[in-house]
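Report on the following structure.
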Amino acid sequence: MSDTPYEQFLAGQRHDDILVFLHEQSVGEPEALAGVAEDVGPGVALVLPGDRGSDVLGEVVGIDPMDFAGVAMDTDGDIRRDCTGGTCPEGTGDAHRVKFVFAFTEAQNEEVGGIYAEGDVLHAYAACECGQTYSDKWVIGEE
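Quick look at the structure:
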């Protein structure tokens, strides 16, 4: 089993939790998150129980997570497998840096078929500095 909640989440061991990644330049006072967020390079990651995590995301970014996911789902993008960034479909550079990522996992489900039959699936939704939102999903452990 992986060490941190973040590593456990990425490994598909925390299906009841959500992950919220916040880029360091999107957090006004990162030290306020000490003890609840994990430093993951370009920002911080919070792994929280599903309902609580959705509330926190709503409070932090000012948007209902399911509304955000519904909009982001309309645009396919490329989100890093560690959920700390991505490639905006609108361009590259600082104007297209990921502000935050919202993610959850689903256990393998052969009845549903498709990638869900192949293994646990991670769903990720990103918001870019330029205002674009996009989504990605993958079977955990596959590139």
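Position 71, counted from 1, in the sequence shown is what the numbering used here calls 320; the numbers after and before it change by one each time, with no gaps.
Even for Gly, the Cβ is constructed at its ideal location relative to N, Cα and C.
Given the structure is predicted, the values throughout are model-derived calculations rather than measurements.
At what residue ranges does the region 305-370 contain a whole run of the beta strand (DSSP E), taking only runs of 3 or more?
For the region 305-370, whole beta strand (DSSP E) runs of length 3 or above, ordered along the chain, are 347-355.
Label G319 either buried or exposed according to how many other C-beta atoms from any shown protein chain fall within 10 Å of its C-beta, with 16 as the threshold for buried.
The residue in question, G319, is exposed, as its Cβ has fewer than 16 Cβ neighbours within 10 Å.
Please go through the region 255-299 and give each complete beta strand (DSSP E) segment of 3 or more residues, from N-terminal end onward.
Entirely contained in the region 255-299, the beta strand (DSSP E) runs reaching 3 residues are, in chain order, 266-272 and 292-298.
Assuming H264 contacts A375 under a Cβ cut-off of 8 Å, what Cβ separation, rounded to an integer in Å, is found between them?
Not really, about 21 Å apart at Cβ, beyond 8 Å.
Give me the residue from D327, N358 and C379 with the minimum Cα distance to E392.
Comparing Cα positions, the closest option is D327.
Taking the C-alpha atoms as reference points, what is the distance between P298 and S275?
Taking the straight line joining both Cα atoms gives about 22 Å.
From what residue to what residue does the beta strand (DSSP E) around T382 run?
First-last of the beta strand (DSSP E) with T382: T382 to V388.
Please report how far the alpha carbon of E378 lies from the alpha carbon of V347, in whole angstroms.
Cα-Cα distance, rounded: 6 Å.
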